[in-house]
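K.L.:
Protein chains in written order, with the working numbering: chain A, 1 to 193; chain B, 194 to 333.
No residue lacks a Cβ here, since even glycine has one placed at the ideal position from N, Cα and C.
Predicted, not measured: the structure shown is a model, and the values here were computed from it.
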């Protein structure tokens, strides 16, 4: 016949061995084991059995090749892609955190290059940069609206002037004389010189 | 280093584009020519009288307005006293040579500007004479 204390503690012995009791329960069981040899022997049996099971499982595990286990698991894990703005924000903050020198150098380089370019344009291109590199005025094209009866006449002078006269009377324009100096438009409404 | 160069280039392209936005200053005078004989003409008007003499000899040339316009790709309107409007725009600026388009209805002209000389564009009748738009390099 079991004593009442052993009857009370017997269901807790296996959980005790497995480490499943609370600290208070664990202390109570340990006090009981100190005075009850039969329960202490049962605990020893439990531990021995547990050790055998562990050894058997380890032996089984040793039969398997676990060298690629971690890589295989990681290969199946798909990293979650962060939202675009989050990645952008991370990239920008990382850039300014670790590449500030590069950014400053790039800005300085750009400013220097721009300065050189502007100065070069001013120094090298000064005489012609304002649009008047051509020695004299040259008329390229003269046309009149199709609905108009006007007749354009182009003249040039020795001093580099160009005159565009738009006469309403076609015949009068043709009779105006000095044809050797006039670059008269052949077509009534449009011409290219 | 490569990234620094790439960043520099990326910064330079738009800045260079801004720096190269072409604007050409043009002296734009509006002159009225009539047959009425004037006692005296200013030297610029005398020069214009001589230039236009190939087509017509005006007795009087009166400067109605004079201004320096900043001509660019964007069309610029210039109101004329005969209710017409002249439109000026820059067609191109290559190797320092500006090609401008001048539209004075009914005419539409395209010309290269020159260091010397002026472009005289007949702008129609006004009062008892002819109106002229004179484009040249700004003085000074």
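Kindly indicate the opening and closing residues of the beta strand (DSSP E) around residue 35 of chain A.
P.N.:
It is not in any beta strand (DSSP E) - residue 35 of chain A instead sits in the alpha helix (DSSP H) that spans 23 to 35.
K.L.:
For residue 77 of chain A, would you say it is in contact with chain B, using Cβ-to-Cβ distances shorter than 8 angstroms as the test?
P.N.:
No, no contact with chain B.
K.L.:
Going along the chain, which residues of the segment 286 to 319 of chain B sit with their C-beta nearer than 7 angstroms to a C-beta in chain A?
P.N.:
Residues 286, 288, 289, 290, 291, 292, 298, 299, 300, 301, 302, 303, 304, 305, 306, 307, 308, 309, 310, 311, 312, 313, 314, 315.
K.L.:
Between the C-alpha atoms of residue 236 of chain B and residue 294 of chain B, what's the straight-line distance to the nearest angstrom?
P.N.:
Rounded to whole angstroms, residue 236 of chain B to residue 294 of chain B spans 28 angstroms at the Cα level.
K.L.:
Any beta carbon of chain B sitting closer than 8 angstroms to that of residue 66 of chain A?
P.N.:
Chain B, which has no Cβ nearer than 8 angstroms to the Cβ of residue 66 of chain A, makes this no.
K.L.:
Give the secondary structure of residue 153 of chain A by DSSP, where H, G and I count as helix, E and B as strand, and everything else as coil.
P.N.:
Here residue 153 of chain A sits in strand by DSSP.
K.L.:
Could you give the C-beta distance for residue 288 of chain B and residue 253 of chain B, rounded to a whole number, given that I count them as a contact under 8 angstroms?
P.N.:
The Cβ separation is near 40 angstroms, so there is no contact.
K.L.:
Tell me the DSSP secondary structure of residue 102 of chain A in three-state form.
P.N.:
Helix, per DSSP.
K.L.:
With contact counted as at least three CB pairs below 8 angstroms, one residue from each stretch, are the segment 98 to 118 of chain A and the segment 275 to 286 of chain B in contact?
P.N.:
Because the criterion of three Cβ pairs below 8 angstroms is not met, the segment 98 to 118 of chain A and the segment 275 to 286 of chain B do not touch.
K.L.:
Note down, one range per segment and in chain order, each beta strand (DSSP E) of at least 3 residues found wholly within the segment 262 to 314 of chain B.
P.N.:
You should have 269 to 272, 278 to 287, 290 to 297, 300 to 305.
K.L.:
Could you check the C-alpha separation between residue 325 of chain B and residue 250 of chain B for me, to the nearest Å?
P.N.:
If I take the Cα positions, the gap works out to 13 angstroms.
K.L.:
Within the segment 209 to 247 of chain B, note down every full beta strand (DSSP E) run reaching 3 residues or more, in order along the chain.
P.N.:
Segments of the beta strand (DSSP E) lying fully in the segment 209 to 247 of chain B: 216 to 227.
K.L.:
Residue 279 of chain B CB to nearest chain A CB: under 8 angstroms?
P.N.:
Not one chain A Cβ lies under 8 angstroms of residue 279 of chain B.
K.L.:
Quick test of your reading: residue 139 of chain A and residue 304 of chain B, contact by CB under 8 angstroms. State the CB separation rounded to the nearest angstrom.
P.N.:
With 8 angstroms as the limit, residue 139 of chain A and residue 304 of chain B qualify as a contact, their Cβ atoms being about 5 angstroms apart.
K.L.:
Classify residue 77 of chain A as helix, strand or coil using the three-state DSSP reduction.
P.N.:
The answer is coil: DSSP assigns residue 77 of chain A none of H, G, I, E or B.
K.L.:
Who does residue 14 of chain A pair with in a DSSP beta bridge?
P.N.:
Per DSSP, none; premise fails for residue 14 of chain A.
K.L.:
So that I know if they touch, is there some Cβ in chain B lying closer than 8 angstroms to that of residue 132 of chain A?
P.N.:
Closer than 8 angstroms: yes.
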